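Undergrad: Here it is, the structure in full.
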Amino acid sequence: MGICWPKPAKCSHASSTNFSEGVQPISWATRMHIAQGVVQGLTFLHSLDANVIYRDLKASNILLDSDYNAKLLDFGLARDGPTGDNTHVSIRVVGTQGYAAPEYVATGHLTPKSDVYSFGVVLLELLSRRRAMDDERVGFSEETLVEWAKPFLSDNRKVLRIMDTRLGGQLHSRCSACIRIRSTGPA
Numbered sequence: 000m001g002i003c004w005p006k007p008a009k010c011s012h013a014s015s016t017n018f019s020e021g022v023q024p025i026s027w028a029t030r031m032h033i034a035q036g037v038v039q040g041l042t043f044l045h046s047l048d049a050n051v052i053y054r055d056l057k058a059s060n061i062l063l064d065s066d067y068n069a070k071l072l073d074f075g076l077a078r079d080g081p082t083g084d085n086t087h088v089s090i091r092v093v094g095t096q097g098y099a100a101p102e103y104v105a106t107g108h109l110t111p112k113s114d115v116y117s118f119g120v121v122l123l124e125l126l127s128r129r130r131a132m133d134d135e136r137v138g139f140s141e142e143t144l145v146e147w148a149k150p151f152l153s154d155n156r157k158v159l160r161i162m163d164t165r166l167g168g169q170l171h172s173r174c175s176a177c178i179r180i181r182s183t184g185p186a
């Protein structure tokens with residue numbers, strides 16, 4: 000992982016790339032390239048002997064180079080994960096509202112699944128071009144992106160309503176089918 004060195008001027012945060020007004024929308028393929036880079040970073044961390052849990056995955060902690068290769072930033076909250084027969088690490092809850100897994104927030108039990116939940120939120124941001132927490136969402140000052148998306152994700156007829164309308168049909172039919180798959184894990 001790391002930063003774009005020696006040319007940091009050619010880098011930008013995923014949050015500014017995806018949410019800036021008046022900027023040409025990034026293509027579906029580029030969004031999926033970014034997501035794949037984040038997955039590779041998390042997979043690397045989770046496969047280390049220490050089973051590192053990133054704990055603060057969010058768009059503003061993803062740096063993109065000029066080719067939209069994703070780099071994870073800010074490892075200040077990262078912790079070693081569970082080892083041996085342990086299923087989790089008990090720890091004080093920290094992170095960013097809207098990205099933290101509900102199970103982690105409720106119990107303080109940290110697992111690699113906590114990062115997977117946060118990645119799901121980042122993926123929703125990439126798909127919808129909406130922020131994880133947005134006080135401008137009509138009528139819901141504290142509604143998270145996940146809360147907003149749940150009704151659409153649970154109804155096959157409505158699932159495509161989460162998509163950024165600026166994509167204009169770029170969505171591949173197989174991707175559309177994958178989005179429709181309902182989560183069987185904890186919500």
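Under numbering that gives the first Met the number 0, think of the first position of the sequence shown as 0, with each following residue one higher.
Cβ atoms here follow ideal geometry from the backbone N, Cα and C, with glycine treated the same way.
Computed from a predicted model, the values in this text were never measured in an experiment.
Between the C-alpha atoms of H108 and L123, what's the straight-line distance to the nearest angstrom?
TA: Rounded to whole angstroms, H108 to L123 spans 24 Å at the Cα level.
Undergrad: Using the three-state DSSP reduction, which class does G167 fall into: helix, strand or coil?
TA: Three-state DSSP puts G167 in coil, outside helix and strand.
Undergrad: On the three-state DSSP scale, how would you describe M162?
TA: In this structure, M162 counts as coil in the three-state DSSP scheme.
Undergrad: Give me the Cβ distance between L56 and S127, rounded to the nearest whole Å; I'm assuming they're in contact under 8 Å.
TA: Not really, about 17 Å apart at Cβ, beyond 8 Å.
Undergrad: Measuring straight from C-alpha to C-alpha, what distance separates Y67 and R129?
TA: One C-alpha to the other measures close to 19 Å.
Undergrad: Quick one: what does DSSP say S65 is sitting in, helix, strand or coil?
TA: DSSP places S65 in coil when its eight states are reduced to three.
Undergrad: Going by DSSP in three states, G1 sits in which element: helix, strand or coil?
TA: The pLDDT assigned to G1 is 34, lower than 50, so where the model puts this residue is not dependable; a value taken from the coordinates is nonetheless given after this. Reduced to three states, the DSSP call for G1 is coil.
Undergrad: Work out the CA separation of T29 and V121 for me, nearest whole Å.
TA: For V121 and T29, the distance between alpha carbons rounds to 14 Å.
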